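Trainee:
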Amino acid sequence: MAKKQSKKIIPITRPTLEPFAAYAPLFKKVIESSMLTQSVNGAKLEKRAAEYLGVKHCVALSSCTAGLMLTLKGLNLKGEVILPSFTFLASGLPVLWNGLTPVFADIDPDTYCVDPKAVEKLITKNTCAILATHVFGVPCNTQALEKLASKHRIKLIFDAAHAFGSSAGKRRVGGFGDAEVFSLSPTKVLTAGEGGILATNDIALAQFVREGRNYGDKGTNDVAVGGLSARMPEMSAAVALRSLTQLARNLKRRNAAAEYLKKGILKLEPRLRFQHIPKGVRTTYKDLSLYVDPALGYTRDDLHEYLGHKGVMTRKYFYPPLHKMKAYAKAKKGPLPVTDKVATRVLSLPMYAHLEKRDADYILAALKTFIHDRKKS
Ligand SMILES: *Cc1c(COP(=O)(O)O)cnc(C)c1O
3 MAKKQSKKII PITRPTLEPF AAYAPLFKKV IESSMLTQSV NGAKLEKRAA
53 EYLGVKHCVA LSSCTAGLML TLKGLNLKGE VILPSFTFLA SGLPVLWNGL
103 TPVFADIDPD TYCVDPKAVE KLITKNTCAI LATHVFGVPC NTQALEKLAS
153 KHRIKLIFDA AHAFGSSAGK RRVGGFGDAE VFSLSPTKVL TAGEGGILAT
203 NDIALAQFVR EGRNYGDKGT NDVAVGGLSA RMPEMSAAVA LRSLTQLARN
253 LKRRNAAAEY LKKGILKLEP RLRFQHIPKG VRTTYKDLSL YVDPALGYTR
303 DDLHEYLGHK GVMTRKYFYP PLHKMKAYAK AKKGPLPVTD KVATRVLSLP
353 MYAHLEKRDA DYILAALKTF IHDRKKS
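If you count the sequence shown from 1, you need to add 2 to reach my numbering.
Structure (structure tokens):
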């Protein structure tokens with residue numbers, strides 16, 4: 003009898019790490035210094051991130067969510083915040099935590115980022131800010147959003163969780179709007195394990211978040227405004243520093259892997275589609291998102307299930323969209339036809355910098371069988 007083969011599993015993503023030796027000296031220093039938080043690694047990370055992004059201030063945090071909570075608080079907002087419903091479930095939580103009202107706007111059918119025209123229609127005298135997500139690493143239409151924000155004198159904040167390393171033309175994500183907040187959780191391209199980075203040119207906001215991550219303590223052992231406990235530990239900052247040195251290489255590898263898969267998939271079925279990458283845009287491919295039109299005779303859910311059986315892990319990002327979630331039951335919303343459509347049709351495929359060619363070919367072979375079988379029936 004043949005020995006049972008262990009089933010092949012291709013994960014949806016994995017952080018691309020270096021051999022332990024790359025981290026060892028940094029970890030050793032942290033332990034030997036006995037400074038476990040708010041020390042040299044955190045400071046170095048903030049400096050290097052600010053240089054890379056081309057912004058005046060970066061603040062290292064425990065997460066993107068905490069960063070957005072502090073950012074919205076620091077901007078002293080009251081009223082309604084317009085954001086997409088097609089985004090990660092955490093995106094809108096900082097709005098709720100600050101007692102603000104989320105107002106969901108529809109997205110662009112090609113880039114899946116919030117549609118500035120839909121945003122404009124929802125602006126009222128109660129609107130205080132726009133909170134836009136650079137979906138899967140593709141920058142929003144930042145020009146149109148910046149125009150809107152300045153025309154209506156409202157704040158513009160980006161959930162840049164996916165987009166450390168993304169750019170539009172000559173501008174890197176990080177410097178748009180009033181503030182951008184990155185995530186360094188393990189599924190993100192730049193990773194600390196867990197962490198976040200606020201990027202802004204607004205010194206008052208940077209200062210607020212710097213104190214806010216430390217309970218709101220201005221160094222006086224007294225707090226005027228309640229903050230959070232949201233510092234980035236030194237060990238995590240060490241991982242992030244290594245990750246930053248690998249970023250250019252990893253972005254290149256991700257883009258190459260994505261291009262390889264896209265080309266292979268379109269060869270199998272030219273009617274399948276992908277997120278549109280506008281001209282001059284560099285994306286991180288935080289997710290490689292496949293669009294399945296049910297007119298093909300099968301659905302995104304069929305494909306998700308089939309690939310799962312083959313050991314190819316995929317994710318329904320972002321489903322359900324936020325406006326269908328209980329936590330956002332009290333939110334307002336404009337019409338969301340594109341969000342509803344895209345949320346039920348897109349599927350994130352495995353994507354990481356160290357995705358091997360033979361695994362990419364395994365994914366393509368599984369897709370080939372799936373498409374072939376459906377054509378017969
Ligand atoms: C991962 C993610 C977050 C949350 O990041 P944390 O660092 O885990 O708080 C927020 N928004 C988007 C779009 C994300 O993908």
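Built from N, CA and C at the ideal position, the CB exists for glycine as well.
Please read all numbers here as calculations on a predicted model, not as lab measurements.
DSSP beta-bridge partners for Y293?
Mentor: If you number the sequence shown from 1, residue 293 lands on position 291. DSSP, once it has assigned bridges, lists R275 and V348 as partnering Y293.
Trainee: Would you give the residue range spanned by the alpha helix (DSSP H) that D110 belongs to?
Mentor: Mapped onto the sequence shown, residue 110 falls at position 108. Unbroken run through D110: none, as it is neither H nor E.
Trainee: List the residues that DSSP assigns as beta-bridge partners of P141.
Mentor: Position 139 of the sequence shown holds residue 141. In DSSP, P141 forms no bridge with anything.
Trainee: Within the present structure, is the beta-carbon of H164 separated from the nearest heavy atom of ligand 1 by less than 7 Å?
Mentor: Here the question's residue 164 lines up with position 162 in the sequence shown. Correct: H164 has its Cβ closer than 7 Å to ligand 1.
Trainee: Could you tell me if G69 is buried or exposed, where buried requires 16 or more neighbouring beta carbons within 10 angstroms of its beta carbon?
Mentor: Here residue 69 is taken as the residue at index 67 of the sequence shown, counted from 1. Flag for G69 reads buried.
Trainee: From L28 to M237, what does the alpha carbon distance come to, in whole angstroms?
Mentor: By one-based count along the sequence shown, residue 28 stands at place 26. By one-based count along the sequence shown, residue 237 stands at place 235. Near 8 Å, if we compare the C-alpha coordinates of M237 and L28.
Trainee: Can you find at least 3 beta carbon pairs, one from the stretch 46-55 and one from the stretch 18-33, that sit closer than 8 Å?
Mentor: no
Trainee: If contact is defined by three or more beta carbon pairs under 8 Å, each pair taking one atom from either stretch, is the stretch 152-172 in contact with the stretch 219-231?
Mentor: no
Trainee: Under 7 Å: does the beta carbon of K318 sit that close to some heavy atom of ligand 1?
Mentor: To locate residue 318, count along the sequence shown from 1; it is residue 316. It does not: the Cβ of K318 is nowhere closer than 7 Å to a heavy atom of ligand 1.
Trainee: DSSP state of L102, grouped into three classes?
Mentor: To locate residue 102, count along the sequence shown from 1; it is residue 100. Three-state result, L102: coil.
Trainee: By a C-beta neighbour count over all protein chains shown, 10 Å radius and 16 as the cutoff for buried, is E213 buried or exposed?
Mentor: For the purposes of this step, residue 213 is taken as residue 211 along the sequence shown, with counting starting at 1. That one is buried.
Trainee: My understanding is that L253 touches G171, with C-beta atoms under 8 Å, so please give their C-beta distance in whole angstroms.
Mentor: In the sequence shown, the residue the question calls residue 253 occupies position 251. In the sequence shown, the residue the question calls residue 171 occupies position 169. The Cβ separation is near 17 Å, so there is no contact.
Trainee: DSSP three-state call for E196: helix, strand or coil?
Mentor: If you number the sequence shown from 1, residue 196 lands on position 194. Of the three classes helix, strand and coil, the one that applies to E196 here is coil, per DSSP.
Trainee: Measuring only from the beta carbon, is T67 closer than 7 Å to any heavy atom that is part of ligand 1?
Mentor: The residue given as residue 67 occupies position 65 in the sequence shown. Within the cutoff, so yes.
Trainee: Confirm the yes/no value for this check: CB of F90, any heavy atom of ligand 1, distance under 7 Å.
Mentor: As a first step, residue 90 is located in the sequence shown; it is residue number 88 there, counting from the start. Yes, the Cβ of F90 comes within 7 Å of a heavy atom of ligand 1.
Trainee: Do you know how far the Cα of R16 is from the Cα of R114?
Mentor: Position 112 of the sequence shown, counting from 1, holds the residue named residue 114. Position 14 of the sequence shown, counting from 1, holds the residue named residue 16. Strictly speaking, residue 114 in this sequence is Tyr, with Arg absent from that position. Their backbone Cα atoms lie some 24 Å apart in a straight line.
Trainee: Apart from the five residues on each side of it in sequence, which residues of its chain come closer than 7 Å, Cβ to Cβ, to N257?
Mentor: For the purposes of this step, residue 257 is identified with residue 255 of the sequence shown, where counting begins at 1. Only Y287 meet the Cβ criterion.
Trainee: Do L324 and T89 come within 8 Å of each other at the CB atom, strictly closer than that value?
Mentor: Indexing the sequence shown from 1 puts residue 89 at position 87. Indexing the sequence shown from 1 puts residue 324 at position 322. Closer than 8 Å, so yes.
Trainee: Quick one: grab the DSSP three-state call for R233.
Mentor: In the sequence shown, the residue the question calls residue 233 occupies position 231. Note: R233 maps to coil in three-state DSSP.
Trainee: Can you tell which of N203, S231 and Q209 has its C-alpha closest to the C-alpha of R215?
Mentor: Position 213 of the sequence shown holds residue 215. The shortest C-alpha separation from R215 is found at S231.
Trainee: Report yes if the C-beta of K190 is less than 7 Å from at least one heavy atom of ligand 1; otherwise report no.
Mentor: Taking the first residue of the sequence shown as 1, we reach residue 190 at position 188. Checking the Cβ of K190 against ligand 1 gives yes.
Trainee: Is S93 near ligand 1, going by C-beta to nearest heavy atom under 7 Å?
Mentor: By one-based count along the sequence shown, residue 93 stands at place 91. Yes, Cβ of S93 sits closer than 7 Å to a heavy atom of ligand 1.
Trainee: Determine whether the beta carbon atoms of K10 and Y364 lie at a separation below 8 Å.
Mentor: Position 8 of the sequence shown, counted from the start, is the residue given in the question as residue 10. Position 362 of the sequence shown, counted from the start, is the residue given in the question as residue 364. In this structure, K10 lies near Y364, with their beta-carbon atoms less than 8 Å apart.
Trainee: Residue ranges of each beta strand (DSSP E) run of no fewer than 3 residues wholly in the stretch 147-172, ordered along the chain?
Mentor: You should have 157-161.
Trainee: Count the other CB atoms within 10 Å of the CB of R233; is the residue buried (16 or more) or exposed (fewer)?
Mentor: Locating residue 233 in the sequence shown gives position 231, where the first residue counts as 1. Classification for R233: buried.
Trainee: Mind checking K281: buried by the 16 CB within 10 Å criterion, or exposed?
Mentor: In the sequence shown, the residue the question calls residue 281 occupies position 279. In the assembly as shown, K281 is an exposed residue. Its beta-carbon has fewer than 16 other beta-carbons within 10 Å.
Trainee: From N100, L98 and E148, pick the residue whose C-alpha is nearest to that of V121; which is it?
Mentor: Position 119 of the sequence shown holds residue 121. Closest by alpha carbon: E148.
Trainee: According to DSSP, is A62 helix, strand or coil?
Mentor: Along the sequence shown, one-based indexing puts residue 62 at 60. It is a strand residue.
Trainee: So who's on the other strand from A201, going by DSSP bridges?
Mentor: The count along the sequence shown starts at 1 and reaches residue 201 at position 199. According to DSSP, which records beta bridges pairwise, A201 is partnered with C60 and E182.
Trainee: Tell whether a beta-carbon distance below 8 Å holds between G197 and V183.
Mentor: As a working note, residue 197 is residue 195 in the sequence shown. As a working note, residue 183 is residue 181 in the sequence shown. Contact: no.
Trainee: If you run the structure through DSSP and keep just helix, strand and coil, what is K49?
Mentor: As a first step, residue 49 is located in the sequence shown; it is residue number 47 there, counting from the start. In the displayed model, K49 falls within a helix according to three-state DSSP.
Trainee: Could you name the residues of the same chain whose beta carbon sits closer than 7 Å to that of R46, not counting the 5 residues immediately before and after it, in chain order?
Mentor: Counted from its first residue, the sequence shown places residue 46 at position 44. Contrary to the premise, residue 46 reads as Lys rather than Arg in this sequence. Once the five neighbours on either side are set aside, the close Cβ partners of K46 are L243.
Trainee: Quick check on the DSSP output: the alpha helix (DSSP H) that includes T371 runs from which residue to which?
Mentor: What you label residue 371 is simply residue 369 of the sequence shown in a count that begins at 1. It spans K359 to K378 - the alpha helix (DSSP H) in which T371 sits, taken as one unbroken run.
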